[in-house]
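Protein chains: 2
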Amino acid sequence: MSKVLVLLSGGMDSAVVLGKVVNAYGAENVVALNMFYGQRHTREIECAKDIAKHYDVKLMEMDISSAFAGISSALLSHSSIEIEDDQDKNKVGSTYVPGRNSIFLSIAAGIADSIGAEFVYYGAHADDHSGYPDCTTAFVEKMTEALIEGTDNGVRIQAPFVKYHKSQIVKDGIAIGVPFEMTHSCYRGEYPACGTCPTCQLRLEAFKEAGQIDPINYKGDFDEEDSDSRD
Amino acid sequence: MSKVLVLLSGGMDSAVVLGKVVNAYGAENVVALNMFYGQRHTREIECAKDIAKHYDVKLMEMDISSAFAGISSALLSHSSIEIEDDQDKNKVGSTYVPGRNSIFLSIAAGIADSIGAEFVYYGAHADDHSGYPDCTTAFVEKMTEALIEGTDNGVRIQAPFVKYHKSQIVKDGIAIGVPFEMTHSCYRGEYPACGTCPTCQLRLEAFKEAGQIDPINYKGDFDEEDSDSRD
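In order, the protein sequence lines correspond to chains E and C.
If you're matching positions, the first sequence starts at -9 in my numbering and goes up one per residue.
If you're matching positions, the second sequence starts at -9 in my numbering and goes up one per residue.
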């Protein structure tokens, strides 16, 4: 069986993708790829290591922050843009990183083409808030076409959750035993998680909608019920 | 007028693209982007600096070689694949760098989206030998669609030579005074150029077909007529 690449950020969406891919292809055929791109914190990377270890898959770690030196986003440590709790849902938020998913997918496609992997999986989903243009069905379809055309082996992107809401990802993850306690989402990189940044809000809503308890710790009131779950 | 990004490798094709873009938009609106991606030599980078200085445009230089650590190609210094003089024209050659143009264009699109540039120019052309899948009209069209979709401002790729043969690029460059003596093509990074690697062969043929003399120096017999042109 050919190898499969999975973009593994350390967040919950890509952890569920990895769980599903390992079930489908077998851990020995899966390579996880984590890229540090200059974000403000490295907690996600530690989570990616834990998750890859949990699933017993090879993890490729790369520091590609130099490629983002000319790119502006509140998520990047070199940028002076602030992360705001309340983003205008009608426009692209400050946490949008221009070109990020195209860059990630292109690098992954290059590696896949080099090692003979047919698929690159990533965890874009329908609730990627702030209107990220590189998380939509249309983008995934067009980028897939471009990379099939632009690689020798016709590498294909697979984004199994692109039409899913995040609560469905929680349900799917729970069903297959994804270790959500190992994942990180908070944009501020705080631990316990801040609970107020856009991605903490989205995660909390998703678990609530799914009727599940998020096992990670949150600051203040959020962590009363599960403060020792990650110890 | 909005800014325009030009991928500037230091080779002859992108130098002609830059010359045309500067004529069309004015040097003050043009940013050249040179990316070191782990190739075996850095002579191209010195050429890119000379060319950018010649045209008085801002040059962004980036070392993104870490992004190519998992990619295999004869052009990459970490790879053990050899550059061969005679490549089978029916299959993709050893000098193909999987994902390279997708990665370059994605990074450029991210920067363009960050600085409000509408266009990213690059010098793919019809003679990109060895059947590079990321230099074709189909790839350019599909990647353009993907990046328009995946960026906030709908950044567009422009590949003005994608249907041109290299000899036409020579003619166009001569017509607008492109400093071909400042450009580098040899895959082996040799100076004088080896004259035998696939890209030296292609360059020599293009100048011959265009009825022009290539002003750079070549090893052995090639440089008899113009050995002092770059001194």
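Don't be surprised by glycine CBs; every beta carbon is placed ideally from N, CA and C.
Whole-Å CB distance - residue i paired with residue j, under 8 Å assumed
| i | j | result |
| --- | --- | --- |
| G163/E | S4/E | Wrong, their Cβ atoms sit about 11 Å apart, outside the cutoff. |
| A14/C | Y45/C | Actually they are not in contact, since the Cβ atoms of A14/C and Y45/C sit about 12 Å apart, beyond 8 Å. |
| I54/E | Y86/E | Actually they do not touch by this definition, with Cβ atoms about 18 Å apart. |
| M172/E | D40/E | 4 Å |
Proximity to residue i [Cα-Cα], best of the options
| i | options | result |
| --- | --- | --- |
| V145/E | K153/E, T134/E, V152/E, F151/E | T134/E |
| K81/C | P123/C, S62/C, D53/C | P123/C |
| G60/C | A42/E, A22/E, A59/E | A22/E |
| R193/E | G210/E, H174/E, G179/E | H174/E |
| I97/E | G140/C, F170/C, F94/C | F94/C |
| L(-3)/E | L49/E, D40/E, A200/E | L49/E |
| R178/E | P188/E, V7/E, G121/E, V130/E | P188/E |
| S92/C | L66/C, I101/C, V130/C | V130/C |
| E199/E | E74/E, G140/E, D117/E | D117/E |
| M196/E | N207/E, K161/E, I206/E, M172/E | In the sequence as presented, Met is not what sits at residue 196/E; that position holds Ala. For A196/E, the nearest C-alpha among the options comes from K161/E. |
| A165/E | V7/E, D40/E, C125/E | V7/E |
| R100/C | F58/E, S84/E, M52/E | According to the sequence displayed, residue 100/C carries Gly and not Arg. The candidate whose alpha carbon is nearest that of G100/C is F58/E. |
| A42/E | G9/E, K209/E, H68/E, S69/E | G9/E |
| A102/E | H115/E, G140/E, S157/E, L66/E | G140/E |
| S259/C | Q29/C, P88/C, E51/C | The structure shown has nothing for residue 259/C, since chain C only spans -9 to 221. |
| I138/C | K156/E, Y111/E, P88/E | P88/E |
Inter-residue Cα distance where the pair is residue i and residue j
| i | j | result |
| --- | --- | --- |
| S(-8)/C | M2/C | 26 Å |
| S(-1)/C | R90/E | 22 Å |
| I159/C | G167/C | 12 Å |
| I105/E | Y154/C | 32 Å |
| A38/C | V12/C | 15 Å |
| A64/C | H31/C | 12 Å |
| Y181/E | Q202/E | 20 Å |
| I71/C | S56/E | 26 Å |
| V152/C | Q191/E | 46 Å |
| I147/E | F109/E | 6 Å |
| D127/C | T186/E | Strictly speaking, residue 127/C in this sequence is Thr, with Asp absent from that position. In a straight line, the C-alpha of T127/C is about 46 Å away from that of T186/E. |
| A136/C | S62/C | 25 Å |
| M25/C | C184/E | 37 Å |
| V20/E | E34/E | 20 Å |
| I73/E | E74/C | 51 Å |
| N207/C | P169/C | 14 Å |
| N143/E | P150/E | 21 Å |
| L(-5)/C | G121/E | 25 Å |
| A107/E | C125/E | 22 Å |
| E36/E | M52/E | 13 Å |
| K132/C | K132/E | 7 Å |
| P205/C | Y111/E | 48 Å |
| G210/E | H115/E | 29 Å |
| S84/C | K156/E | 43 Å |
| C176/C | V47/C | 25 Å |
DSSP three-state assignment for residue i, whether helix, strand or coil
| i | result |
| --- | --- |
| V12/E | helix |
| A42/C | helix |
| E51/C | strand |
| V20/C | strand |
| Q202/C | coil |
| F212/C | Because the pLDDT at F212/C is just 48, under 50, the model does not fix this residue reliably, and the value given afterwards should be weighed accordingly. Helix, per DSSP. |
| F170/E | helix |
| L(-2)/E | coil |
| V87/C | coil |
| L65/C | coil |
| I101/E | helix |
| V110/E | strand |
| F151/E | coil |
| A128/E | helix |
heavy atom of the ligand PLP below 7 Å from residue i C-beta
| i | result |
| --- | --- |
| D117/C | For the ligand PLP, the structure offers nothing, since it holds no ligand at all. |
*Between the segment 111 to 135 of chain E and chain C, which residues of the former have a C-beta closer than 8 Å to a C-beta of the latter?*
P123, D124, T126, A128, F129, K132, M133, E135
*asked:* So if I threshold CB-CB distances at 7 Å, which residues from the segment 138 to 154 of chain E count as touching chain C?
replied: E139, G140, T141, D142
*Return the residues of the segment 93 to 111 of chain C that lie within a Cβ-Cβ distance of less than 9 Å from chain E, sorted by chain order.*
I93, F94, L95, S96, I97, A98, A99, G100, I101, A102, D103, S104, I105
*Using a Cβ-Cβ cut-off of less than 9 Å, list which residues of the segment 34 to 63 of chain C approach chain E; keep chain order.*
M50, M52, D53, I54, S55, S56, A57, F58, A59, G60, I61, S62, S63
_Counting only Cβ-Cβ distances shorter than 7 Å, please list the residues of the segment 167 to 194 of chain C near chain E, keeping chain order._
none
*Listed in chain order, which residues of the segment -7 to 24 of chain E have Cβ atoms closer than 7 Å to some Cβ of chain C?*
none
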